[in-house]
Amino acid sequence: MGDLPQLLVSGIAAGAVYALAALGFTLLWQAAGVINFAQGEFVMLPTFAILIAIKAGASLWLAFLIACALAMLVLGVGFKRVVVDPLVRFGVIPLVIATMGLSIGLKNGTKAGYSALAFPVPSAFPSGQLAFGGVSFSYADLGTLLLAGIIVVGLQSFLNRTVTGRAMQAVAQNTDAARVLGIDVQRMVLYTFLINAVLATVAALLIAPSYLAKFDMGDSIGQKAFFAAIIGGFNQTRGALLGGVLIGVLENIVGFYISPAYKEGVALLLFLAVILFRPEGLLGKAEERKV
Amino acid sequence: MTRTRLFMLAVALIAFGVLPFFLKSYGLYLLTLFCVYLMATYGLNLTVGYAGQMSLGHAAFFGIGAYHAAILLKLGWPFLLVLAIAAVACFIVGLALGFPALRVQHHYLAFATLGFNVLVFLMMRNEQTITGGTFGISAIPRPSLLGYSLDGAIPFFYFTYASTLTLVALLWWLLRSPWGRAFAALRDNPIRAESLGINITAYTLLAFAIGAACAGVGGVYFAALVGFIEPAPFHFSWSMTMLLAVIVGGSGRFFGPVLGTVIIVLLPEWLRGAQNWYLAVFGFLVVALMVWLPGGLSSIPDRFARKAAK
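Chains A and B, in that order, are what the protein sequence lines are.
Using numbering that gives the first Met the number 0, you'd call the opening residue of the first sequence number 0 and step up by one each time.
Using numbering that gives the first Met the number 0, you'd call the opening residue of the second sequence number 0 and step up by one each time.
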């Protein structure tokens, strides 16, 4: 059992990254009714932006900032203007299809336009282990936890404590009422898209060293973001966090004690169990059936 | 269907039937492959276009059929028996997956089927004793029927072509039956359908399972055609491509899958050198199509007709 604390910490660290992607995913759903099937590619693209910037001579943190700016421009503003705005009035399904197309387009565009190979990306944290009471944790895991924790706490306090954040929540809960109250709905929705882009870029920074920059890296992280969001509860931001961490920890435990080959199946089994017994998610509230 | 349309359909079917005499072996292979995928996309069209459910697990069912065929055909089992087993197996797996997943429908179903596809893919890759892992299964024999060998490319093409037509005709009949009407009813207005006494869950589940069985049938022909299978063609990205094909062709239109399958199977093979770019462009075109033409490509004539009527 000596491995368990280590497995837990690295599982929570991996889960924290899933949670970041899942968080952006639920925010988009709440504010704009968008189910983004290209969420994985939204992590893949900033990874390549970071990679290219580093190859051009930038330091890792500068590369990260450049990737953030580009992501906000392309995956935030661009995605909203070009794809979401024209389609949102047709309801959920056409947008889902469009984001699937986007996913295929971005993935294969990267493969054809850049490379089909996997590239190593430097880690933001020093290598090595921290020994603590007989067990050792890697700096990468601890750093990931710390950074993801700061981002999540920062985001939550922005959403709960500031006027803008509360206005964004109002839009998410009831768009019409928010409009009546004089909130600039479009602007709040745009902020949500920008936040999603930043969250995806942070996830890219944290996950790239272990996943490597590859055109199809988004397949796996995208799936985990979907499942984390649904397991936790689609209409709750806390749900995404719980779902992400749950998947990360269980994957690590299954991979170590049962079979590494079926690690990827954990999220699915958890998901099936949740929709069988609690379709609204662990922390979610049941949505009303709209006639 | 009007008489002229029926005539045009007959001409198209005959033209397709004589096409092999003008093609080299690779072209013939592609035509057969086209028929194989058509079986799968027609099944998906039932699930997506008529029952209104999004399935992202179609490549998994296609793969389940293919692996059944590979293993059983190599054991020397008769083709028709293998076909029946694969279809029934996919139907049962479809029911088993659909039962929990259809409690939530639409985009949740998409996620559930996507996850299912991932799991099936993992099993294909990891259970090496059964599936051969990433090396796959090779030397799958072509079937023979009533003692007549279908080993040659032309006989196998006609066999596949005839089978595809049979399957499509069966689906046509199904959709014209009261059952089929119920499928469309529950897509168009589930609440009204329910109030008319249609058991929504049962019908949706049935449409999903029949769609899965069609994919399984397609998979059997795929294994026999290619003679070698490995997990790659059954990855969930293929499920996504098939779903987009059905939608691009025009979901819920009877001939929509034909167009969609031309776009995902025939065109990329012809544009081989540019395959990656082709898929990239295909993806972005889907986005553009959703924005400009939500009814799919086969709604273009309607659109012109509507404009002309104005």
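Beta carbons: idealized from backbone N, C-alpha and C, even for Gly.
None of these values were measured; they are calculated from a predicted model.
Counting C-beta pairs with one atom in each stretch, the stretch 223–235 of chain B and the stretch 110–125 of chain B have three or more that are closer than 8 angstroms, which means they touch. Secondary structure of residue 52 of chain B (DSSP, three-state): coil. In the DSSP assignment, the residues bridged to residue 148 of chain B are B/143. Judged by DSSP secondary structure, residue 292 of chain B falls outside any beta strand (DSSP E); it is assigned neither H nor E. With the criterion set as a beta carbon lying under 8 angstroms from some beta carbon of chain A, the members of the stretch 220–253 of chain B are 235, 236, 239, 240, 242, 243, 246, in sequence order. Per DSSP, reduced to three states, the secondary structure at residue 128 of chain A is strand. Distance check between residue 286 of chain B and each of A/226, A/5, A/84, A/199 places A/84 closest, using alpha-carbon atoms only. For residue 43 of chain A, the nearest beta carbon of chain B is not closer than 8 angstroms to its own beta carbon. Looking at B/203, B/264, B/171, the one whose alpha-carbon comes closest to that of residue 181 of chain B is B/203. At a cut-off of 8 angstroms between beta-carbon atoms, residue 276 of chain B makes contact with chain A. One thing to note: residue 207 of chain B has its Cβ within 8 angstroms of the Cβ of residue 54 of chain B.
For residue 182 of chain B, the enclosing alpha helix (DSSP H) stretches over residues 177–187.
With a 10 Å radius around the Cβ and a threshold of 16 neighbouring Cβ atoms, residue 172 of chain B comes out exposed.
Using a CB distance cut-off of 8 angstroms, residue 111 of chain B counts as an interface residue toward chain A. Taking CB atoms only, residue 107 of chain B has a neighbour in chain A less than 8 angstroms away.
Shown here for residue 66 of chain A: same chain residues with a beta carbon closer than 6 angstroms to its own, the five before and five after excluded, namely 45, 48, 49, 200 in chain order. For residue 136 of chain A, the enclosing beta strand (DSSP E) stretches over residues 134–137. The way I'd put it, the stretch 92–102 of chain A does touch the stretch 37–44 of chain A; three or more beta-carbon pairs between them come closer than 8 angstroms. Among the CB atoms of chain B, none fall inside 8 angstroms of the CB of residue 18 of chain A.
For a Cβ distance threshold of 8 angstroms, nothing in chain A lies close to residue 77 of chain B: the least Cβ distance comes to about 34 angstroms. When C-beta distances to chain B are compared with 9 angstroms, the residues of the stretch 89–117 of chain A below that value are 89, 91, 92, 93, 94, 95, 96, 97, 98, 99, 100, 101, 102, 103, 104, 105, 106, 107, 108, 109, 110, 111, 112, 115, in chain order. In the structure shown, residue 136 of chain B falls within a strand segment according to DSSP collapsed to helix, strand and coil. In the structure shown, residue 78 of chain A falls within a helical segment according to DSSP collapsed to helix, strand and coil. Under the DSSP assignment, residue 210 of chain A falls in the alpha helix (DSSP H) whose first and last residues are 184–210. Residue 236 of chain A: member of the alpha helix (DSSP H) spanning 236–256, first to last residue. In the structure shown, the three-state DSSP call for residue 34 of chain A is coil. One thing to note: residue 67 of chain B has its Cβ within 8 angstroms of the Cβ of residue 88 of chain B. Using a Cβ-Cβ cut-off of 8 angstroms, residue 86 of chain A counts as an interface residue toward chain B, since at least one Cβ of chain B sits closer than that to its own. When Cβ-Cβ separations below 8 angstroms define contact, residue 220 of chain A makes no contact with chain B. Around the beta carbon of residue 186 of chain B, 16 or more other beta carbons lie within 10 angstroms, which makes this residue buried. Annotated as proximal: residue 230 of chain A and residue 245 of chain A, with beta-carbon spacing under 8 angstroms. Beta-carbon to beta-carbon, residue 24 of chain A and residue 239 of chain A are separated by about 7 angstroms, close enough to satisfy the 8 angstroms threshold.
In the structure shown, residue 118 of chain A falls within a strand segment according to DSSP collapsed to helix, strand and coil. In the three-state DSSP reduction, residue 197 of chain B falls in the coil class, being neither helix nor strand.
In the DSSP annotation of this structure, the continuous segment of the alpha helix (DSSP H) that includes residue 37 of chain B starts and ends at 24–44.
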